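S.K.: In this note's numbering, the protein residues as written are 144 to 473.
Note that the Cβ used here is the ideal one computed from N, Cα and C, for glycine as well.
Please read these numbers as outputs of a predicted model, since none were measured by experiment.
1) Any contact of the stretch 253-260 with the stretch 381-392, i.e. 3+ C-beta pairs under 8 angstroms?
2) Name the two residues that bound the continuous alpha helix (DSSP H) containing residue 270.
3) Would the beta-carbon of residue 326 fall within 8 angstroms of that of residue 285?
4) Would residue 439 be called buried (16 or more neighbouring beta carbons within 10 Å of its own) or exposed?
5) If we define contact as Cβ-Cβ less than 8 angstroms, is residue 468 a contact residue for chain C?
6) Express the C-alpha separation of residue 361 and residue 377 in angstroms, rounding to a whole number.
7) For the beta strand (DSSP E) holding residue 393, just list the boundary residues, first then last.
8) Label residue 227 either buried or exposed according to how many other C-beta atoms from any shown protein chain fall within 10 Å of its C-beta, with 16 as the threshold for buried.
9) Just how far apart, CA to CA, sit residue 309 and residue 302?
10) Could you have a look at residue 296 and say whether DSSP puts it in helix, strand or coil?
11) Evaluate residue 271 with the Cβ neighbour count: other Cβ atoms within 10 Å of its Cβ, from every protein chain shown; 16 or more gives buried, anything less gives exposed.
12) What residue does the alpha helix (DSSP H) around residue 364 start on, and which one ends it?
13) Can you name the residues that DSSP bridges to residue 442?
14) According to DSSP, which residues form a beta bridge with residue 308?
15) Report the three-state DSSP secondary structure of residue 211 (helix, strand or coil).
16) Just checking, does the stretch 208-228 make contact with the stretch 395-415 on the three C-beta pairs under 8 angstroms criterion?
17) For my contact list, residue 317 and residue 282 are in at a C-beta cut-off of 8 angstroms; report their separation, rounded to the angstrom.
18) Determine the closest residue to residue 262 out of 277, 343 and 246, with distance taken between C-alpha atoms.
19) Around the C-beta of residue 444, are 16 or more other C-beta atoms found within 10 angstroms, so that it is buried, or is it exposed?
20) Return the residue from the list 266, 220, 405 and 347 that minimises the CA-CA distance to residue 246.
21) Which stretch, first to last residue, makes up the beta strand (DSSP E) that contains residue 407?
22) Starting from residue 247 and walking both ways along the beta strand (DSSP E), at which residues does that stretch end?
23) I'd like to know whether the C-beta atoms of residue 297 and residue 320 end up nearer to each other than 8 angstroms.
24) Looking at the unbroken alpha helix (DSSP H) that takes in residue 338, where does it start and where does it end?
25) Nearest-angstrom Cα distance between residue 278 and residue 339?
26) Return the residue from the list 450, 417 and 407 that minimises the CA-CA distance to residue 430.
27) Determine whether the beta carbon atoms of residue 231 and residue 442 lie at a separation below 8 angstroms.
28) As a quick exercise: from 403, 347, 229 and 238, pick the residue whose alpha carbon is nearest that of residue 433.
29) Could you check what DSSP says for residue 346 in three-state terms: helix, strand or coil?
30) Taking just the CA atoms, how far does residue 345 sit from residue 294?
31) Taking buried to mean at least 16 other C-beta atoms within 10 Å of its own C-beta, is residue 416 buried or exposed?
32) Please report the residue range of the alpha helix (DSSP H) in which residue 376 lies.
33) So, for residue 266: in the same chain, excluding its five sequence neighbours on each side, which residues have a beta-carbon less than 7 angstroms away from its beta-carbon?
34) Could you have a look at residue 324 and say whether DSSP puts it in helix, strand or coil?
Structure, rendered in structure tokens:
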């Protein structure tokens, strides 16, 4: 009788066991990869069934983020209306990387007020592309009866009776929202140069607007979009305009809860008419790797309450974009 080689049998059994375990591990890894692929593709399934999971759509990450963020932001606006912190608000947000955008209460119209200092600046910078000397021209600041009382009092303003260069007046107007030099700038520019900006963007010109409220949040945000894309002014002047707005001394609204190391190029505006107040803040937030444009216009009874509502909307948007960046890095 032939003697059994037990060492050989054991070796064969161990090899078979190893192969079986390897096959099992490969199956598990393959299943995990499939799950991960489905997760990355962001397939949306209908819930409520035990044995099936009907596929509704394959949504892109930006679509899902937009949907979640829109719900959050609308909830904040509705909550503030319900609590009588604001009467109404309108919001426009655009991801400047991939272009997704959302609007909330987009049909509301507002008075831009000091926000119109931005197209005035742009009109001068457009002229300076062909004639740089215009920014060095000196203008005298005259006493104006059209100066409106400002709730947010500028920490610096130009002195009546003194002369300043056009660029110095623009700097004061944008950085401090100083009204003292606005009339000097308006009186020194050809109306057609200013009108052309509104015509080119198909936005209603303020001088032709009979209603108090005439501009939507999306219409106004166009000024920031064309500056960021350098599609109206040349690159040098677009950069100059946004750099100037990054020096804004208004630290409430969009800026309030955003870390100081994050650059924000923005402009705010305020208005009182028939006991109804308006406060707006629009700008580009240069969030790491993912800049975005946020524009909020509000109407209410109390400037502080409106400012806090804008602050909350800005903070929520910033945190959502932070989370989006973290997910991209994984």
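M.R.: Quick look at the numbers:
1) no
2) Here residue 270 refers to the residue found at position 127 of the chain shown. Element bounds for residue 270: 260-273.
3) Residue mapping note: residue 326 aligns to position 183 of the chain shown, counting from 1. Residue mapping note: residue 285 aligns to position 142 of the chain shown, counting from 1. In contact: residue 326 and residue 285 (Cβ atoms closer than 8 angstroms).
4) The residue you call residue 439 lines up with position 296 of the chain shown. Its Cβ being crowded by 16 or more others within 10 Å, residue 439 is buried.
5) Considering every chain present, this structure includes no chain C. It has just one protein chain.
6) Your numbering for residue 377 matches position 234 in the chain shown. Your numbering for residue 361 matches position 218 in the chain shown. If I take the Cα positions, the gap works out to 23 angstroms.
7) Translated into positions along the chain shown, residue 393 becomes position 250. Per DSSP, residue 393 belongs to no beta strand (DSSP E) and is neither H nor E.
8) To locate residue 227, count along the chain shown from 1; it is residue 84. Flag for residue 227 reads exposed.
9) Within the chain shown, the letter at position 166 stands for residue 309. Within the chain shown, the letter at position 159 stands for residue 302. Between residue 309 and residue 302, the C-alpha separation is close to 14 angstroms.
10) Taking the first residue of the chain shown as 1, we reach residue 296 at position 153. Coil, per DSSP.
11) Here residue 271 refers to the residue found at position 128 of the chain shown. Result: buried.
12) As a working note, residue 364 is residue 221 in the chain shown. Bounds of the alpha helix (DSSP H) holding residue 364 are 360-371.
13) The residue you call residue 442 lines up with position 299 of the chain shown. In DSSP, residue 442 forms a bridge with 231 and 421.
14) On the chain shown, position 165 is the one that residue 308 refers to. Per DSSP, 281.
15) For the purposes of this step, residue 211 is identified with residue 68 of the chain shown, where counting begins at 1. Helix, per DSSP.
16) no
17) As a first step, residue 317 is located in the chain shown; it is residue number 174 there, counting from the start. As a first step, residue 282 is located in the chain shown; it is residue number 139 there, counting from the start. No, residue 317 and residue 282 are not in contact; Cβ-Cβ is about 16 angstroms, not under 8 angstroms.
18) In the chain shown, residue 262 corresponds to position 119, counting from 1. Ranking the options by Cα distance to residue 262, first place goes to 343.
19) Here residue 444 corresponds to residue number 301 of the chain shown, with the count starting at 1. With fewer than 16 other Cβ atoms within 10 Å, it is exposed.
20) In the chain shown, the residue the question calls residue 246 occupies position 103. Relative to the Cα of residue 246, the nearest Cα in the group 266, 220, 405 and 347 belongs to 220.
21) Against the chain shown, residue 407 aligns to sequence position 264. Counted as a single uninterrupted DSSP element, the beta strand (DSSP E) harbouring residue 407 occupies residues 407-416.
22) By one-based count along the chain shown, residue 247 stands at place 104. 244-247 is the extent of the beta strand (DSSP E) around residue 247.
23) Taking the first residue of the chain shown as position 1, residue 297 is located at position 154. Taking the first residue of the chain shown as position 1, residue 320 is located at position 177. Cβ atoms of residue 297 and residue 320: closer than 8 angstroms.
24) What you label residue 338 is simply residue 195 of the chain shown in a count that begins at 1. Note, residue 338: alpha helix (DSSP H), 334-343.
25) As a position in the chain shown, residue 278 is number 135, starting the count at 1. As a position in the chain shown, residue 339 is number 196, starting the count at 1. Distance between the alpha carbons of residue 278 and residue 339: 19 angstroms.
26) Taking the chain shown and counting its residues from 1, the one referred to as residue 430 is at position 287. With distances taken between Cα atoms, residue 430 lies closest to 407.
27) The sequence position of residue 231 within the chain shown is 88, counting from 1. The sequence position of residue 442 within the chain shown is 299, counting from 1. Contact flag set, yes.
28) Working through the chain shown from its first residue, we reach residue 433 at position 290. Among 403, 347, 229 and 238, the Cα nearest to that of residue 433 belongs to 238.
29) Here residue 346 is taken as the residue at index 203 of the chain shown, counted from 1. Of the three classes helix, strand and coil, the one that applies to residue 346 here is coil, per DSSP.
30) Within the chain shown, numbered from 1, the residue matching residue 294 stands at position 151. Within the chain shown, numbered from 1, the residue matching residue 345 stands at position 202. If you take the alpha carbons of residue 294 and residue 345, they lie about 31 angstroms apart.
31) By 1-based counting over the chain shown, the position of residue 416 is 273. With fewer than 16 other Cβ atoms within 10 Å, it is exposed.
32) By one-based count along the chain shown, residue 376 stands at place 233. Looking at the DSSP string, residue 376 is not in any alpha helix (DSSP H), and its letter there is neither H nor E.
33) On the chain shown, position 123 is the one that residue 266 refers to. Excluding residues within five positions, the ones whose Cβ falls inside 7 angstroms are 332, 336, 337 and 340.
34) Mapped onto the chain shown, residue 324 falls at position 181. DSSP places residue 324 in coil when its eight states are reduced to three.
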